[in-house]
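In my numbering, the protein residues as written are 112 to 345. Cβ atoms here follow ideal geometry from the backbone N, Cα and C, with glycine treated the same way. Please read these numbers as outputs of a predicted model, since none were measured by experiment.
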């Protein structure tokens, strides 16, 4: 699987392919935090090639995120989705904690994993788009990330809403899988008018309707013993 994946992205990365292979090797074979220098050491290159080559892969190398993501999407669908079957796409966002003053896009914003009432954190927020698949070695489905967009909060950038960015990623996938039906799933935060214009034969109600169908586990109706009489006045 990794071999076919590597060959698929070779023509997209071109001169940076060898560096990418080394970094992936470091991610899979390393331990602890996957920093750039940590991945370089885990790949056995710390004393052979200067670590600045790994940093240049992210800062200066010429390669296109969407092109790599679409190649990954094709490999994932070919490996795990039956021929002609629907592709289930999940959209969400995640916050990477960053505190440096020079980190582009870092802001105080919503952090779903934070503790406390406010649930905010500082960092860069990415809208992500993944393909939900079933793999043979797990009893549950997993989501494999293929596309992403940096989101900058309203008033500080021109990225648009998270929902609009998610719609753009889904439309990008739709151009690759034009002959397949695509099911999009997301939480309530991704409702909005950005989903208008979906195909009329969509099996699910559009996400911008005022009262879409609810999903998830239904709440248990309270038994009569659970209902306490209200207190009287006085």
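So residue i packs on residue j, CB below 8 Å; how close in whole Å?
i, j, result
"residue 166", "residue 138", "Their Cβ separation, rounded to whole angstroms, is 15 Å, which puts residue 166 and residue 138 out of contact at 8 Å."
"residue 153", "residue 140", "5 Å"
"residue 277", "residue 254", "Not confirmed; about 14 Å, so no contact."
"residue 190", "residue 284", "So it is not a contact: roughly 16 Å between Cβ atoms."
"residue 243", "residue 199", "4 Å"
"residue 151", "residue 162", "5 Å"
"residue 274", "residue 301", "5 Å"
"residue 232", "residue 208", "6 Å"
"residue 260", "residue 237", "7 Å"
"residue 177", "residue 258", "7 Å"
"residue 247", "residue 218", "Wrong, their Cβ atoms sit about 41 Å apart, outside the cutoff."
"residue 182", "residue 119", "5 Å"
I'd like the span of the beta strand (DSSP E) that includes residue i, first residue to last.
i, result
"residue 241", "231 to 245"
Exposed or buried, what is residue i when buried is set at 16 or more other beta-carbons lying within 10 Å of its beta-carbon?
i, result
"residue 294", "exposed"
"residue 298", "exposed"
"residue 220", "buried"
"residue 127", "buried"
"residue 180", "buried"
"residue 84", "Because the chain is modelled from 112 through 345, residue 84 falls outside the range shown and cannot be assessed."
"residue 203", "buried"
"residue 173", "exposed"
"residue 305", "buried"
For residue i, report the span of its alpha helix (DSSP H) as first-last.
i, result
"residue 278", "273 to 287"
"residue 259", "Where residue 259 is concerned, there is no enclosing alpha helix (DSSP H), although the beta strand (DSSP E) it sits in stretches over 252 to 262."
"residue 139", "128 to 140"
Under the DSSP definition of a beta bridge, which residues are partnered with residue i?
i, result
"residue 78", "There is no way to answer for residue 78, as the model of the chain reaches only from 112 to 345."
"residue 295", "200"
Quiz item: For the region 146 to 220, which segments carrying the beta strand (DSSP E) assignment without a break, of at least 3 residues, lie completely within its bounds, in sequence order?
Solution: Restricted to the region 146 to 220, the beta strand (DSSP E) segments that are unbroken, complete and at least 3 residues in length are 198 to 208, listed in chain order.
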